[in-house]
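Please read the structure below before turning to the comments.
Residue numbers (the numbering used here): -15 to 362.
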């Protein structure tokens, strides 16, 4: 979308390819603030006015842009919005140069908040009843306070500070008294927000989970958005704590980090929270977990990789967990919601189970919790 005119101490500004404008970088103590940056329209790369601006950088800029034209793609708004094309802008955040132009373009390019699928059909963002969706959890954003923040995307209606909303999964009312917006390390309490906005919610009780729906109590029918799928992990490990006295900190760390999605935690049948089994899509996640447990929870652990290569959620009346426990190439565990998860050491073991247990479904994604839909007014 834009290209720099010169580099380093030869930097003169940026050329906006989309609008055929030159944005000059002001030096000699002049701050690059709104009102001082005046884009100059040019007829093209060979415009005399442009050549005088670019000075000795003109030929290099011309060669760069010719290469971009040949190797790059033409701007296509539809491709950008479908994720097939990424616009690139040049500027300097340190000098506050080009940032305003980027934001102006971002407003033009970014789509409006879309309608979202729910149990009652598509929910239009223009509809009045408030509803929101938890899409991210982050623990220890402020290490000194050990906080936990749930990030909510507003899907419809108006959000107001201190409003009471329905927590659909837990079927209870909660009050959102301290909504936050984040600007780098700065936190700001907000009074209201609208569809498309992201709001951080301090969750000291741990009630919020990725995929949860919050909606206004005034809704005729409880809205529930489809949750974020949990996919079957491909790497597995046992975790051992080096200092048994810190077992409580380990449990808290595993609970919070698994809710973030760092790893999945599975319980061995009959052992409760003792000696959990970890699952991850990539082996590097175990190293991330080990590092964060040590730095954020002061818990040192050992990670021992296990030889399993497949995990499947097993659903059906014909499931016999003891059978898989007796076999050498499999074992049956439980996930955080109590669903059975079978681990396999080989492709053959998985195929055999699928072919011989017709009454059991072996799923690659976790089953959704069945939540009763109750009308607030009933």
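Ideal Cβ positions, reconstructed from N, Cα and C, are used throughout, including at glycine. The structure presented is a predicted model; accordingly, all values stated were derived computationally and were not measured.
Check: Identity of the residues DSSP links to residue 163 by a beta bridge; Outcome: 185
Check: Assumed close pair residue -2, residue 75 - CB separation to whole angstroms, cut-off 8 angstroms; Outcome: 7 angstroms
Check: Stretch-stretch touch, CB-based, cutoff 8 angstroms, three pairs: the segment 172 to 187 with the segment 221 to 230; Outcome: no
Check: Alpha helix (DSSP H) runs wholly inside the segment 169 to 257, at least 4 long, in chain order; Outcome: 231 to 244
Check: Start-end ranges of the beta strand (DSSP E) lying completely within the segment 271 to 307, minimum 3 residues; Outcome: 285 to 290 and 294 to 299
Check: Rounded separation between residue 172 and residue 157 - CA only; Outcome: 24 angstroms
Check: Through-space distance from residue 264 to residue 311, alpha-carbon basis; Outcome: 23 angstroms
Check: When 299, 85 and 330 are compared against residue 341, the one with the closest alpha-carbon; Outcome: 299
Check: Counterpart residues of residue 264 in DSSP-defined beta bridges; Outcome: 219
Check: For residue 350 and residue 219, the rounded distance between their alpha carbons; Outcome: 16 angstroms
Check: Per DSSP, the bridge partner or partners of residue 370; Outcome: This structure does not reach residue 370, given that the chain is present from -15 up to 362, and the question cannot be answered.
Check: Under 8 angstroms between C-beta atoms of residue 194 and residue 212; Outcome: yes
Check: Boundaries (first-last residue) of the beta strand (DSSP E) holding residue 42; Outcome: Residue 42 -> not in any beta strand (DSSP E); alpha helix (DSSP H) instead, spanning 42 to 55.
Check: Nonlocal neighbours in the same chain, by C-beta distance under 6 angstroms from residue 360, ignoring five residues either side; Outcome: The pLDDT assigned to residue 360 is 33, lower than 50, so where the model puts this residue is not dependable, and the model offers no usable value.
Check: Sequence-distant residues of its chain with Cβ nearer than 8 angstroms to residue 283 (five each side left out); Outcome: 225, 227, 230, 233, 234, 237 and 277
Check: Residue span of the alpha helix (DSSP H) that contains residue 334, given as start and end; Outcome: 331 to 340
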